[in-house]
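Residue numbers (full-length UniProt numbering): 1 to 236.
Shown next, in structure tokens, is the structure this report addresses.
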């Protein structure tokens, strides 16, 4: 059963000019879909810094993000250095096993985005354990189910079942996104949870990927007034 007292987030939204929909329209669509916040994440070659451009409204937060895309794993650290202090959320465009591993070795990375390829899930036992140790969230991007067809959709579901088993085995964080490029690609919370059942994710686990783990990323990157240092917070 959907828990209405929780806050839900989509942490990988591609707005104009990378996508077809403006940030303002995405905000309205997200509110109507039951979200408490979204992260506008441009790929690094199209990066636009929107940090602090959309002040938090009551009950809704707009986060700035970048999805770092590199050709070689040894380029990743330099790119993380470049963007970490510019945005609220750092994602890494995965797919290559070496890049997936490099992303999960760096605790400054928040999300490993679509780590799978057409052939493999992109995550193995070593990478899953690194993700758990460094608290790098593995993304389950439902656009591959929503927009995929035939064999590509079947393969995506198979990859997600594999990755779900690994993140649960090692206790790695994970997030569920729709990765929309148009407001028509965005789905409400209930629909997102239903789609997750297609690769055997329980409703409870889906809620964690839409609420608990995104909230933990926000808590780490947007500390409140009582923040002293990582792991230490002054409680009134």
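Glycine included, each C-beta is placed from N, C-alpha and C at the ideal position.
Only a predicted model underlies this, so the values are computations on that prediction, with no experimental measurement involved.
Bounds of the alpha helix (DSSP H) holding residue 97 are 97-104.
The beta carbons of residue 101 and residue 127 sit about 5 angstroms from each other, so the pair counts as a contact at 8 angstroms. Counting only the Cα atoms, residue 88 lies some 13 angstroms from residue 68. Bounds of any beta strand (DSSP E) do not take in residue 49, whose DSSP letter is neither H nor E. A direct Cα-to-Cα measurement between residue 8 and residue 73 gives close to 32 angstroms. Residue state for residue 150 is assigned as helix, using DSSP reduced to three classes.
Going by beta carbons, residue 114 and residue 144 fall inside the 9 angstroms limit. Look at residue 122 here: in three-state DSSP terms it is coil, with no helix or strand label. A straight-line Cα-Cα distance of about 20 angstroms links residue 63 and residue 184.
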